[in-house]
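Quick note: the sequence shown uses the working numbering, first residue 64, plus one each step.
By construction, the Cβ of each residue, glycine as well, lies at the ideal position given by its N, Cα and C atoms.
All values derive from a computational prediction rather than experimental measurement.
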Amino acid sequence: GGFAFVYEAQDLGSGREYALKRLLSNEEERSRAIIQEVCFLKKLSGHPNIVQFCSAASIGKEESDTGQAEFLLLTELCRGQLVEFLKKSETKGPLSCDTVLKIFYQTCRAVQHMHRQKPPIIHRDLKVENLLLSNQGTIKLCDFGSATTVSHAPDYSWSAQRRALVEEEVTRNTTPMYRTPEIVDLYSNFPISEKQDIWALGCILYLLCFGQHPFEDGAKLRIVNGKYSIPADDTRYSVFHGLIRATLKVNPEERLSITELVNQLQEIAAARSVNPKSPITELLEQNGGYGNAAPGSAGPGLAVAEYEQSYGGLLDILRGGPGRLLTNLKDTSSKVIQSVANYAKGDLDISYITSRIAVMSFPAEGVESAIKNNIEDVRLFLDSKHPGHYAVYNLSSRTYRPAKFHNRVSECGWAARRAPSLRSLYSICRDMHWWLRQDHKNVCVLHCTDGRAASAVAVCSFLCFCRLFSTAEAAVYMFSMKRCPPGIWPSHKRYIEYMCDMVAEEPITPHSKPILVRAIVMTPVPLFNKQRSGCRPFCEVYVGDERVATTSQEYDRMRDFRIEDGKAVIPLGTAVQGDVLI
């Protein structure tokens, strides 16, 4: 691929073959995007028309011989690439109407599964090149590297700068000839949402019917005005003409939803007595087998991927320290943590990071419980799965009645958008460790408001506390794989690193000596004002929860730093000691 190497890997024990995608990253933003791709695929996996996720692993750039962070993604192997079948079919005449129906219906089913997620997952790069044909002859959607859950609603209040930033990001994740009018012209102020996938589906349907793309040249003017033409003499695919027009509407709000599209396809299939979910065997037979021959060798240095039938393990390709090996997760020092990690079934937002550590969002009551975990549902789930053997750690600033969880609730919260104090973080880890040692059936259930940043800090610190990982990056990656990217701040990561240092073989403990903060220097000058030419920064210093210094004053009295200054310097001259926040 354009951003990855894809190999064929084989389990020598079973002879089973897999696709192994190797991605390299030399910057943090790229690494986050790769982790998001893995998380999306893991979340969507299991649908019959989406390529099956098997496992994943990573190593940092300091451990890689390429000098870049390295990620491995193991999926099922689909040797049949749809675009190859289409090219071969050109010599044998157009596809039958029933074949087009099955290909398009199965593609739409995959997209429907994405759009049904909360929030909806938008593929953003739907095209025939990303459609595979499985060994059984069904369509498999792949490549979620451009997928997102972010929608945009531009209006007249948007600045040119904001439009340019959105346009740059969207352009980077889409293919020119599949771009929608609202993307090509952000000044149209049409919403950019999951309806962009509907437009791409219209392009795919047109291509399946007529053998060419409706906007082959990717001309912006034609796309913005929706200028394409259905052959006037076509009668073979007349049943699809209405769907093409309904999906290629310039205004995204006028396009069909994915559910409406699937329903109409089901009606067409019923009228034609076709099972649209059935394997597309006629396409395989027409082409005499698979579209792509498997290479005899995947290339030098390819390790054999070991794979667990349950799909629960991670790649055992990378051997070495705890940051490398994410399978068979165990706390070898205290036997506190077991290896199996499962995602809770049902509608509850709860994830098992290991078999004895779970993370969930805030257990709500009243109206709020309609969109969050209902505290009664959580209690019933925990009482049935871990009766008498669970302890809850509330990391948010909100409270509820501890009796809901049999008075086994520890209030450990800290202020939002802040890192915890090192003392409280260490106390949480020590208490969790004590609880898990009491009984091998005991589990810890942690939550903050959304089960992300604060929960990740506590869980990752605990994994390092148990010497499961020696780096914050490895622990955070584990959390990302088992739940979601936590969106932690640099200060959060720093406190996880403190925990790693404190329990290392040669421990490094933070000192408590008084220090003098002379000044804060930012290089280059942050471009935070509307003109993107500089900023007027101020600084606040906290020791614990007490603010000991601030340079904030009336806006006009604060110094205006410009980009030509090279750096912004804020004099402080403040003595601090202990847990310090700047």
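Inter-residue spacing [alpha-carbon to alpha-carbon] between residue i and residue j
i: L158; j: E345; result: 10 Å
i: H574; j: R620; result: 37 Å
i: A612; j: I578; result: 14 Å
i: C648; j: E139; result: Nothing in the structure corresponds to residue 648, since the chain is present only between 64 and 645.
i: N112; j: M423; result: 29 Å
i: V506; j: R599; result: 49 Å
i: C646; j: R481; result: The structure shown does not extend to residue 646, since the chain spans only 64 to 645, so no value can be given for it.
i: R625; j: N592; result: 10 Å
i: E323; j: I293; result: 22 Å
i: H503; j: H452; result: 9 Å
i: Y463; j: F444; result: 18 Å
i: A521; j: L488; result: 7 Å
i: V441; j: L509; result: 12 Å
i: L328; j: A173; result: 14 Å
i: L284; j: A582; result: 53 Å
i: W552; j: A309; result: 44 Å
i: V566; j: L499; result: 18 Å
i: T572; j: A120; result: 31 Å
i: N470; j: A454; result: 9 Å
i: E536; j: I122; result: 9 Å
i: D206; j: H110; result: 15 Å
i: G156; j: G200; result: 20 Å
i: F468; j: W477; result: 21 Å
i: G265; j: L590; result: 41 Å
i: S197; j: C272; result: 22 Å
i: T614; j: G636; result: 11 Å
i: V584; j: D446; result: 53 Å
Three-state class that DSSP yields for residue i in the structure shown
i: N437; result: strand
i: A631; result: strand
i: G305; result: helix
i: F624; result: strand
i: K312; result: coil
i: S77; result: coil
i: A516; result: helix
i: A263; result: helix
i: E348; result: helix
i: D248; result: coil
i: P570; result: coil
i: Y168; result: helix
i: Y618; result: helix
i: D161; result: helix
i: K340; result: coil
i: C529; result: coil
i: H178; result: helix
Strand pairing of residue i, partner residues [DSSP]
i: Y70; result: L83
i: N671; result: No answer is possible for residue 671: the residues shown for the chain start at 64 and end at 645.
i: T211; result: I185
i: A521; result: For A521, which the question treats as bridged, DSSP gives no partner whatsoever.
i: S88; result: A132
i: Y605; result: R610 and L644
i: V639; result: I578
i: C598; result: F624
i: G156; result: G156 is not bridged to any residue.
i: K203; result: L195
i: T234; result: Answer by DSSP bridge pairing: none, since T234 is not bridged.
i: V146; result: None, per the DSSP bridge assignment.
i: M585; result: A631
i: T138; result: A82 and F116
i: A427; result: N437
i: I255; result: H215
Continuous alpha helix (DSSP H) stretch holding residue i: start and end
i: I98; result: E91 to L107
i: L324; result: I321 to A334
i: I559; result: P553 to M565
i: I286; result: K283 to V287
i: M240; result: Premise fails: M240 is in no alpha helix (DSSP H) and is neither H nor E.
i: K545; result: A535 to K545
Where the beta strand (DSSP E) containing residue i begins and where it ends
i: S487; result: Looking at the DSSP string, S487 is not in any beta strand (DSSP E); the run it does join, the alpha helix (DSSP H), is L485 to Q501.
i: A119; result: F116 to I122
Whole-number beta carbon distance between residue j and residue i, since they are thought to touch under 8 Å
i: L145; j: K84; result: The pair is not a contact, with the Cβ atoms about 18 Å apart (cut-off 8 Å).
i: F525; j: C492; result: 5 Å
i: L458; j: A517; result: 4 Å
i: V337; j: L164; result: 6 Å
i: I307; j: D260; result: Wrong, their Cβ atoms sit about 15 Å apart, outside the cutoff.
i: P315; j: S220; result: About 20 Å separates the two Cβ atoms, so there is no contact after all.
i: I413; j: K545; result: With a Cβ gap of about 11 Å, I413 and K545 do not count as contacting.
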